[in-house]
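Asks: To start, I am sharing the structure in question, which I have written as structure tokens.
Number of protein chains: 2
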Amino acid sequence: MWKENSTARSRKSEKEAVPKAVVLRWGHRPSRDARLTTHVALAARALGASGLILSDVEDQKIKETVDEVTQFWGGTFFFEMGIPWRKAVSDWKTKNGTVVHLTAYGENVETSDVLHRIEASGKSVLVIVGSQKVPAEFFSEAVSDFNVAIGNQPHSECAGLAVFLDRFFRGKELARSFQSWKVSIVPQRRGKRIVKKKNRDIGFFRKEI
Amino acid sequence: MWKENSTARSRKSEKEAVPKAVVLRWGHRPSRDARLTTHVALAARALGASGLILSDVEDQKIKETVDEVTQFWGGTFFFEMGIPWRKAVSDWKTKNGTVVHLTAYGENVETSDVLHRIEASGKSVLVIVGSQKVPAEFFSEAVSDFNVAIGNQPHSECAGLAVFLDRFFRGKELARSFQSWKVSIVPQRRGKRIVKKKNRDIGFFRKEI
């Protein structure tokens, strides 16, 4: 009879456990960052994150936009706001999650083994993305378990988050189906094809993002 | 003596040729899209594109920001603007390039073989990203050779572009070095480390993006 050894068991359990990702958006300024934060949230949803925490401030308009997208296009993406970032981080750590701070100063996701170490932890990740210069504290062990650079060049937190999630989920997030959709796209080589759920007054999502 | 057959030759030349990517940003509205277009341009640069064409309109402020980043952080990224999109596309096709239109309606980059087909063409790509609803014509053969979806969910052109470039360049773009930099980041597990070129009055790039 074949018996699993501990390594095989450990591999199996790693395989079975599907680590999740939640995004923490820090430093949002409602007047200035509205559109970018919306893009960050929708990218998070489309690229497999379970939800986004808009820390320290509230922005009802963005919440409405993101929740409407989820309502129309499906899935269970959550959008929380107003939670102090320290509390969000400590809650996450209490639940045995790991914290990844995305920063151009961190370990390069391509040239270092940082992603491998994150994966090896087997933990779900809280991904911190700033929208302005972050407190030095974010780089410390008290906050981040990993400081990760999507390349060491200045660019966009939205772009960085997207690449991080795509690599973290190994691309599989783009093949996921979103449950309970009212509207869904059928991929086409040319043109647009949308399917709408019948027998429902779905209105139509026309808001420009 | 071993002789290359035509397949081997073709594979070899595909390997030797390094296809390039240039981004065409369509539909930019200076008042509304300034920050997002800046993010798109900087993401394009950081993720290996050779340059960005801001079609149909001019936006001197964005050009200055992007050119300043290139001047400080290195590389040869170009930022052109005001070129009519039809001209940009036809010029690209005349130079035997292929045109990729990023759209949530297109072929899913994860579940279809579209990226493989783009790679197999061996051609450099012009990647069209819209910032508002694009003309139906963009989906036609007259414009796009491929309509590619970074997942079939609505999200962000900045995020979509980032994932496309990361996959197109197979991640290697994040390991590239940028030549002639004045300022460069040395990746760290914790904290920030910047190297500045000596004996140059470099000022310092402090602009918030």
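Chains A and B supply the protein sequences, listed in that same order. So the mapping is simple: our numbering equals the position in the first sequence, first residue as 1, plus 6. So the mapping is simple: our numbering equals the position in the second sequence, first residue as 1, plus 6. The beta-carbon is built from N, C-alpha and C at its ideal position, and this holds for glycine as well.
#1: What is the DSSP secondary structure of A/Val154, reduced to helix, strand or coil?
#2: Could you give the DSSP three-state label for A/Glu70: helix, strand or coil?
#3: If the cut is a Cβ gap below 9 Å, which residues of chain A does B/Pro141 touch?
#4: Using alpha carbons as the reference points, say which of B/Asn158, B/Ser150, B/Lys129 lies closest to A/Pro193.
#5: Within the continuous beta strand (DSSP E) that includes A/His107, where are the two ends?
#6: Thinking A/Asp151 and A/Val105 are a contact (beta carbons under 8 Å), I'd like their distance in whole angstroms, please.
#7: Taking only runs that begin and end inside the region 27 to 79 of chain B, name each unbroken alpha helix (DSSP H) of 4 or more residues, in chain order.
#8: Between the C-alpha atoms of B/His161 and A/Ser183, what's the straight-line distance to the nearest angstrom?
#9: Looking at the secondary structure, which residues open and close the beta strand (DSSP E) in which A/Glu86 lies?
#10: For the region 165 to 208 of chain B, which segments carrying the beta strand (DSSP E) assignment without a break, of at least 3 residues, lie completely within its bounds, in sequence order?
#11: For B/Gly112, which residues from the same chain have a beta carbon less than 7 Å from its beta carbon, with the 5 sequence-adjacent residues on both sides left out?
#12: What residues in the region 114 to 133 of chain B bring their beta carbon closer than 9 Å to a beta carbon of chain A?
#13: Where B/Ala164 and B/His45 are concerned, what is the direct C-alpha to C-alpha distance, given to the nearest angstrom?
#14: Output yes if chain B places a C-beta closer than 8 Å to the C-beta of A/Ile156; else output no.
#15: Determine the burial state of B/Arg123: buried for a count of at least 16 other Cβ atoms within 10 Å of its Cβ, exposed for fewer.
#16: State yes or no: is the C-beta of A/Trp98 within less than 8 Å of the C-beta of A/Ser61?
#17: Which residues does DSSP pair with A/Val131 in a beta bridge?
#18: So, at 7 Å on beta carbons, what are the nonlocal neighbours of B/Glu143 in its own chain, with the 5 sequence-adjacent residues on each side left out?
#19: Which of the residues in the region 71 to 94 of chain B, read from start to end, lie with their CB under 8 Å from any CB of chain A?
#20: With distances taken between CB atoms, is the gap from B/Val133 to B/Phe83 smaller than 8 Å?
#21: Please tell me whether A/Gly112 has its Cβ less than 8 Å away from any Cβ of chain B.
#22: Which term fits A/Thr100, buried or exposed, when burial requires 16 or more other beta carbons within 10 angstroms of its beta carbon?
Replies: So, to answer that:
#1: Position 148 of the first sequence, counting from 1, holds the residue named residue 154 of chain A. Looking at A/Val154 - three-state DSSP - the assignment turns out to be strand.
#2: Counting from 1 along the first sequence, the entry for residue 70 of chain A is found at position 64. Of the three classes helix, strand and coil, the one that applies to A/Glu70 here is helix, per DSSP.
#3: As a position in the second sequence, residue 141 of chain B is number 135, starting the count at 1. The contacting residues do not exist; B/Pro141 stays about 12 Å from chain A at best.
#4: Looking up residue 193 of chain A in the first sequence gives position 187. Measuring from the Cα of A/Pro193, the nearest candidate turns out to be B/Asn158.
#5: Residue mapping note: residue 107 of chain A aligns to position 101 of the first sequence, counting from 1. 104 to 114 is the extent of the beta strand (DSSP E) around A/His107.
#6: Walking along the first sequence from the start, residue 151 of chain A turns up at place 145. Walking along the first sequence from the start, residue 105 of chain A turns up at place 99. That belief holds up - the Cβ atoms of A/Asp151 and A/Val105 are roughly 5 Å apart, short of 8 Å.
#7: 36 to 52, 66 to 79
#8: Walking along the second sequence from the start, residue 161 of chain B turns up at place 155. Walking along the first sequence from the start, residue 183 of chain A turns up at place 177. Each residue's alpha carbon lies about 15 Å from the other.
#9: Here the question's residue 86 of chain A lines up with position 80 in the first sequence. From DSSP, the beta strand (DSSP E) with A/Glu86 extends over 84 to 89.
#10: 189 to 191, 200 to 202
#11: In the second sequence, the residue the question calls residue 112 of chain B occupies position 106. Correct list, in chain order: Asn153, Val154, Ala155.
#12: Asn114, Val115, Glu116, Thr117, Ser118, Val120
#13: Indexing the second sequence from 1 puts residue 164 of chain B at position 158. Indexing the second sequence from 1 puts residue 45 of chain B at position 39. Correcting the residue identity first, residue 164 of chain B is Cys in this sequence and not Ala. Cα-Cα distance, rounded: 7 Å.
#14: Position 150 of the first sequence, counted from the first residue, corresponds to residue 156 of chain A. A/Ile156 counts as touching chain B.
#15: As a working note, residue 123 of chain B is residue 117 in the second sequence. B/Arg123 should be labelled exposed.
#16: On the first sequence, residue 98 of chain A is found 92 positions in, with the first residue counted as 1. On the first sequence, residue 61 of chain A is found 55 positions in, with the first residue counted as 1. No.
#17: As a first step, residue 131 of chain A must be located in the first sequence, where it is residue number 125. DSSP lists A/Ala27, A/Thr104 as partners of A/Val131.
#18: Mapped onto the second sequence, residue 143 of chain B falls at position 137. Cβ neighbours of B/Glu143 beyond the five flanking positions: Val149.
#19: Listed by position along the chain: Val75, Trp79.
#20: Reading the second sequence from its first residue, position 127 is the one you call residue 133 of chain B. Reading the second sequence from its first residue, position 77 is the one you call residue 83 of chain B. In this structure, B/Phe83 does not lie closer than 8 Å to B/Val133 by Cβ.
#21: Position 106 of the first sequence, counted from the first residue, corresponds to residue 112 of chain A. Yes, because at least one Cβ of chain B sits closer than 8 Å to the Cβ of A/Gly112.
#22: Against the first sequence, residue 100 of chain A aligns to sequence position 94. It is exposed - the Cβ of A/Thr100 has fewer than 16 other Cβ atoms within 10 Å.
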